[in-house]
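Working notes for the structure below.
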Amino acid sequence: MSLTPGPDRDEPGVAGFSEVQDKWQRVWEETKPFATATAASGDSRPRKYILDMFPYPSGDLHMGHAEAYALGDVIARYWRQQGFNVLHPIGWDSFGLPAENAAIKRGVDPREWTYANIAQQRESMRRYAPSFDWDRVLHTSDPEYYKWNQWLFLKMYERGLAYRKDSWVNWDPVDQTVLANEQVLPDGTSERSGAIVVKKKLTQWYLRITAYADRLLDDLNQLEGSWPSKVIAMQRNWIGRSTGADIDFAVEGRTEPVTVYTTRPDTLYGATFMVVAPDSDLAAELVAGSDDAEIRERFQDYLQRVQKSTEIERLTVDREKTGVFTGRYAINPLNGERLPIWAADYVLSDYGQGAIMAVPAHDQRDLDFARAFDLPVRVVVDTTQPVTGAIRIIPEDGELPVLDEMDPGTTGVALSGEGRLINSGQFNGFSKVNAIARVIAHLEAQGVGRKAKNYRLRDWLISRQRYWGTPIPIVYDEDGNEIPVPEDQLPVALPPSEGLDLKPKGTSPLGGATEWVQTEIDGKPVRRDTDTMDTFVDSSWYFLRFLSPNDPDKAFDPSEVDKWAPVDQYVGGVTHAILHLLYARFITKVLFDMGYVNFTEPFTALLNQGMVLMDGSAMSKSKGNLVRLSDQLDEFGVDAVRLTMAFAGPPEDDIDWADVSPAGSAKFLARALRVARDVDSSPDVVWKNGDDRLRRQTHRLWADAPGLIEAFKFNVLVARIMELTNATRKVIDSGAGPTDPAVREAAEAIALTLSLFTPYTAEEMWEILGYPPSVALYGWRKPDPTLLVDESVTAIMQVDGKVRDRLEVSPKIGGEELEKLARASVAVTRSIGDREVVNVIVRAPRLVNIATKPVS
Numbered sequence: 001m002s003l004t005p006g007p008d009r010d011e012p013g014v015a016g017f018s019e020v021q022d023k024w025q026r027v028w029e030e031t032k033p034f035a036t037a038t039a040a041s042g043d044s045r046p047r048k049y050i051l052d053m054f055p056y057p058s059g060d061l062h063m064g065h066a067e068a069y070a071l072g073d074v075i076a077r078y079w080r081q082q083g084f085n086v087l088h089p090i091g092w093d094s095f096g097l098p099a100e101n102a103a104i105k106r107g108v109d110p111r112e113w114t115y116a117n118i119a120q121q122r123e124s125m126r127r128y129a130p131s132f133d134w135d136r137v138l139h140t141s142d143p144e145y146y147k148w149n150q151w152l153f154l155k156m157y158e159r160g161l162a163y164r165k166d167s168w169v170n171w172d173p174v175d176q177t178v179l180a181n182e183q184v185l186p187d188g189t190s191e192r193s194g195a196i197v198v199k200k201k202l203t204q205w206y207l208r209i210t211a212y213a214d215r216l217l218d219d220l221n222q223l224e225g226s227w228p229s230k231v232i233a234m235q236r237n238w239i240g241r242s243t244g245a246d247i248d249f250a251v252e253g254r255t256e257p258v259t260v261y262t263t264r265p266d267t268l269y270g271a272t273f274m275v276v277a278p279d280s281d282l283a284a285e286l287v288a289g290s291d292d293a294e295i296r297e298r299f300q301d302y303l304q305r306v307q308k309s310t311e312i313e314r315l316t317v318d319r320e321k322t323g324v325f326t327g328r329y330a331i332n333p334l335n336g337e338r339l340p341i342w343a344a345d346y347v348l349s350d351y352g353q354g355a356i357m358a359v360p361a362h363d364q365r366d367l368d369f370a371r372a373f374d375l376p377v378r379v380v381v382d383t384t385q386p387v388t389g390a391i392r393i394i395p396e397d398g399e400l401p402v403l404d405e406m407d408p409g410t411t412g413v414a415l416s417g418e419g420r421l422i423n424s425g426q427f428n429g430f431s432k433v434n435a436i437a438r439v440i441a442h443l444e445a446q447g448v449g450r451k452a453k454n455y456r457l458r459d460w461l462i463s464r465q466r467y468w469g470t471p472i473p474i475v476y477d478e479d480g481n482e483i484p485v486p487e488d489q490l491p492v493a494l495p496p497s498e499g500l501d502l503k504p505k506g507t508s509p510l511g512g513a514t515e516w517v518q519t520e521i522d523g524k525p526v527r528r529d530t531d532t533m534d535t536f537v538d539s540s541w542y543f544l545r546f547l548s549p550n551d552p553d554k555a556f557d558p559s560e561v562d563k564w565a566p567v568d569q570y571v572g573g574v575t576h577a578i579l580h581l582l583y584a585r586f587i588t589k590v591l592f593d594m595g596y597v598n599f600t601e602p603f604t605a606l607l608n609q610g611m612v613l614m615d616g617s618a619m620s621k622s623k624g625n626l627v628r629l630s631d632q633l634d635e636f637g638v639d640a641v642r643l644t645m646a647f648a649g650p651p652e653d654d655i656d657w658a659d660v661s662p663a664g665s666a667k668f669l670a671r672a673l674r675v676a677r678d679v680d681s682s683p684d685v686v687w688k689n690g691d692d693r694l695r696r697q698t699h700r701l702w703a704d705a706p707g708l709i710e711a712f713k714f715n716v717l718v719a720r721i722m723e724l725t726n727a728t729r730k731v732i733d734s735g736a737g738p739t740d741p742a743v744r745e746a747a748e749a750i751a752l753t754l755s756l757f758t759p760y761t762a763e764e765m766w767e768i769l770g771y772p773p774s775v776a777l778y779g780w781r782k783p784d785p786t787l788l789v790d791e792s793v794t795a796i797m798q799v800d801g802k803v804r805d806r807l808e809v810s811p812k813i814g815g816e817e818l819e820k821l822a823r824a825s826v827a828v829t830r831s832i833g834d835r836e837v838v839n840v841i842v843r844a845p846r847l848v849n850i851a852t853k854p855v856s
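The sequence shown begins at 1 in full-length UniProt numbering and counts up one residue at a time.
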């Protein structure tokens, strides 16, 4: 297909768009129309920072890239036309497992594989023509970039935000590396390899993101209305803040109490046993302190079975409950009751101290466990009683009978509803809210508990046992003490991969680089840490590096940050709604506290695009429904693909490529080019002498387009451009149309608005119309207010809710006159017939509805 008109002057020809693309690519290479102007150049325009999530270099660009970069580019081009100095950079997120695994499979250096893919994507990106500033490109695998990852790590280490500890971690048995909680899918598999994730105990590096949990949660309020509501909800749910109490349980034979977090301290009298996570340090300690060798042996057998289960399996509600008794007892701090301590897999080691108080009457999992092991069940909340009004009087002994049909021990169903406390001593009769406050106050007075908050969020595990990543800038002396690498010795560069075994084996391949590992600091022998950083560290601050990407002395220039940041508009997939966005928000807050930035949220506004599907499902080779972007560009041209992406629907919706028509987009663009070629008036023509109806439609487009773009209604604006093109075509074909000044005005409006979506076609039209490049920098025209006032409007005439006629009327027409016109309409009177008019609704100047009924 071609953008040039074919023989019938409406159909695309057989060749042409590639020549147009090549032509304008050469022009843009020479003129660099999208280079970001600096203050030093004297540019005083207001600034906008538009950023697309940067790509990972795994092969060539695909259809998902095509959608994301088409939509982000619309926004960047729009703000340039609105008179803003726009920063719109591009780079590559080039460290990580996919490149390393691909390199291992092919027997090549990860660098070779990565940078070859970057070169391919870069060439495809230039062809696709986003308005990027190509002088601000970065690659996260360049030492010039990851040096600053290491600098940031050291700054966080100084503040106690980077630390190392032994812990149970998510282990990918295929990629042979650890995963953060966020990288484990809901089905318990690795988002990378698809393997079932298991638990393994390792010494790992963490970033203390939990220290910022409250701010990460509360600051989401700043983003309401400018971020998608579902993304905000996902972030809130992931942080998962709850309020309750930390309660100290003394343990027989143990000096220190065990602290348990609960959201329901009011049910403490209902606790009949405790449960600890079998893979927690606490469980190991408790069992080790037991005098019963059989208990210790049973525990070790059970622990081995648990370690083969995923967290998802362990948390499944309807799963059979398993566990072992630890041989130890805790003391209930309210009533002094001895509580047996069990180890069971439905409690996770990273929840508090890995221990819970079990209240089986009011928690289903606790109840299932109690029934499985014949443990006591005690009801302490009477769910039949209302929770409003005065305190209910409870018998002195506090004992109220529990009907068999409500007894969880009998029914197997926990009582989870609201009610008033029973069997709870001095707290009998209180509702949940009152009881929680009173129990906490009592625990605090006794020194055995306190009000507390808990979070689902866990600290960010950044250690990776792989080669292709940022080396951690820590060394260890002969005694194993941690020593930060001095900043003047950064970057700690990766050694060459030659001679290293990069295949996953559970330990970092960097351990095999003996000369690299064994080094010196201040003349003393030390060994390097051989883990590399999670690649989410790379992308957590890259938006700042774009502000001064070539600065060898600073991660980013604070003066440039003050001018440009935070990002005004961020564009990317919803798949990064938790991991990437959460980490970027965290790092931004850390940098704010350090005084490096003056804002706390990195991305002011966020646009998530949908997926590009084929026949209703995600594209893949295995499904046989893969559509190659390069094939689409070769067949239909860049502009046709870009226009199709914008016209397919709202950006956040998925696009099924089987349901859209790049061929139709190519035909429309050929029609638009033909309009420009048929203009037969000079650029200095006096427009006000042109066709009035066409001028009104042109200026209505100018008036409405900004609102449509800023509301991301790109498809609606494309439809409006198509309507204007068709209207202009009709005027041209009317006879004297090509010389009509209104035709030139409309053609220029089509070119200027199309430049947001189809840069090649727009530049070609602009040149045909007699202007120098670039149309993208020409500026936005203001509508003439006098042309936005309708001389007439279409009034709808309905009978019993059905449209029977349409009349052109004055926008100032009164209700009585409009009703007379309706009753005088032949179509309306024919529809009424011999029926009786019972009501007339008039909404001047747009609507008349006449309600009728049969004559009785």
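Virtual Cβ for every residue (Gly too), placed ideally from N, Cα, C.
So, residue i versus residue j, is the Cβ gap smaller than 8 Å?
i                 : j              : result
proline 228       : leucine 606    : yes
glycine 690       : glutamate 745  : yes
arginine 241      : tryptophan 205 : no
proline 741       : serine 681     : yes
phenylalanine 712 : proline 651    : yes
aspartate 459     : isoleucine 209 : yes
arginine 776      : valine 848     : Residue identity differs from the one stated: residue 776 is alanine in this sequence, not arginine. Their beta carbons are not under 8 Å apart, which means alanine 776 does not touch valine 848 by this criterion.
My understanding is that residue i touches residue j, with C-beta atoms under 8 Å, so please give their C-beta distance in whole angstroms.
i             : j              : result
threonine 725 : isoleucine 709 : Their Cβ separation, rounded to whole angstroms, is 18 Å, which puts threonine 725 and isoleucine 709 out of contact at 8 Å.
glycine 188   : glutamate 294  : With 8 Å as the limit, glycine 188 and glutamate 294 do not qualify as a contact, their Cβ atoms being about 32 Å apart.
threonine 76  : valine 86      : The displayed chain sequence assigns alanine, not threonine, to residue 76. Sure, about 5 Å apart at Cβ, within 8 Å.
proline 265   : glycine 244    : 6 Å
Please name the residue or residues paired with residue i in a DSSP beta bridge.
i              : result
isoleucine 841 : Asn849
threonine 177  : Asp172
lysine 563     : In the DSSP output, where bridge partners are listed per residue, lysine 563 has none listed.
valine 571     : Asp52 and Leu607
asparagine 221 : None, per the DSSP bridge assignment.
valine 526     : Thr519
tyrosine 261   : Asp246
histidine 139  : Trp92
Where does residue i fall in DSSP's three states?
i              : result
alanine 727    : helix
tryptophan 541 : coil
arginine 438   : helix
aspartate 246  : strand
valine 27      : helix
isoleucine 721 : helix
lysine 155     : helix
leucine 461    : strand
valine 234     : Strictly speaking, residue 234 in this sequence is methionine, with valine absent from that position. If DSSP states are grouped into helix, strand and coil, methionine 234 belongs with the helices.
lysine 667     : helix
threonine 326  : strand
serine 655     : According to the sequence provided, residue 655 is isoleucine. The question's serine does not apply to it. Reduced to three states, the DSSP call for isoleucine 655 is strand.
leucine 87     : strand
valine 448     : coil
methionine 765 : helix
histidine 62   : coil
lysine 32      : coil
Quick check: the Cα distance between residue i and residue j, rounded to an integer number of angstroms?
i             : j                 : result
valine 842    : leucine 818       : 8 Å
alanine 827   : arginine 804      : 6 Å
tyrosine 467  : lysine 199        : 22 Å
proline 408   : methionine 274    : 18 Å
tyrosine 212  : phenylalanine 586 : 7 Å
glycine 412   : methionine 406    : 9 Å
leucine 3     : alanine 666       : Because the pLDDT of leucine 3 is 41, which lies under 50, any placement of that residue in the model is unreliable, and the question is left without a value.
histidine 699 : arginine 846      : 22 Å
valine 686    : methionine 765    : 20 Å
With 8 Å as the threshold, decide whether the Cβ of residue i is near any Cβ in chain B.
i            : result
tyrosine 145 : In the displayed structure, chain B is absent; only one protein chain is listed.
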